[in-house]
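Written out below as structure tokens is the structure these notes cover.
Numbering (the numbering used here), first residue to last: 4 to 157.
Set out below in structure tokens:
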């Protein structure tokens with residue numbers, strides 16, 4: 004069966020459109036995690052824990068060293084603020100490895116928190132379990148970390 008030239012062009016256009024939509028919707032875990040961390044780093048530097056909290060699922064849990072489990076994005080955002088997320092401080096996240104399995108990804112890395120003057124305030128390593136969201140983005144669902152350099156307390 005032969006398709007007229009117009010029909011073939013229309014089918015190709017539909018296939019390209021569908022492929023383009025799918026690629027935007029199915030962001031790889033690594034790309035989604037990098038995007039989420041850019042927002043978190045900005046929120047950290049601006050002292051806006053709500054931007055950090057937006058990177059977590061509604062049922063997120065954070066397992067800090069020597070403390071109780073912190074549940075939910077608002078509480079996790081406050082914990083970030085308490086650990087140095089104040090205007091002017093910087094957070095640098097270095098993703099070491101991401102292992103994706105469908106809509107779940109396990110990620111490990113290191114982080115550094117620096118003061119206005121560039122001095123290191125805190126540093127550590129972490130493990131995060133990520134979940135793909137219905138819109139294709141990735142959010143942190145479970146996380147734990149350990150300090151190499153604990154934050155200085157006033």
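For every residue, glycine included, the Cβ atom is placed at its ideal position computed from N, Cα and C.
Paired residues, beta bridge with residue i - DSSP
| i | result |
| --- | --- |
| residue 114 | 96 and 127 |
| residue 135 | 141 |
| residue 149 | 128 |
| residue 108 | 103 and 133 |
| residue 83 | The partner list for residue 83 (beta bridge, DSSP) is empty, contrary to what the question assumes. |
| residue 73 | 65 |
Burial state of residue i, where buried means 16 or more other Cβ atoms lie within 10 Å
| i | result |
| --- | --- |
| residue 149 | exposed |
| residue 146 | buried |
| residue 76 | buried |
| residue 121 | exposed |
| residue 68 | exposed |
| residue 46 | buried |
| residue 61 | exposed |
| residue 124 | buried |
| residue 137 | exposed |
| residue 52 | buried |
Contacts around residue i, its chain only, beta-carbon distance under 6 Å, and the 5 residues preceding and following it disregarded
| i | result |
| --- | --- |
| residue 30 | 139 |
| residue 95 | 115 |
| residue 86 | 154 |
| residue 144 | 60, 63, 132 and 134 |
| residue 74 | 64 |
| residue 130 | 111 and 147 |
| residue 119 | 91 |
C-beta atoms of residue i and residue j nearer than 7 Å
| i | j | result |
| --- | --- | --- |
| residue 117 | residue 84 | no |
| residue 112 | residue 132 | no |
| residue 141 | residue 56 | no |
| residue 79 | residue 59 | yes |
| residue 49 | residue 90 | yes |
| residue 104 | residue 127 | no |
| residue 162 | residue 42 | Because the chain spans 4 through 157 in this model, residue 162 falls outside it and cannot be assessed. |
Residues near residue i in its chain [Cβ-Cβ closer than 7 Å; skip 5 each side]
| i | result |
| --- | --- |
| residue 101 | 32, 33, 36, 108 and 110 |
| residue 2 | Shown here, the chain extends from 4 to 157; a query on residue 2 therefore has no answer. |
Contact test: residue i Cβ vs the ligand PLP heavy atom, cutoff 6 Å
| i | result |
| --- | --- |
| residue 99 | Looking at this structure, you won't find the ligand PLP or any other ligand, since it has none at all. |
Contact set for residue i: own chain, Cβ-Cβ below 8 Å, skip 5 residues either direction
| i | result |
| --- | --- |
| residue 44 | 93, 94, 95 and 96 |
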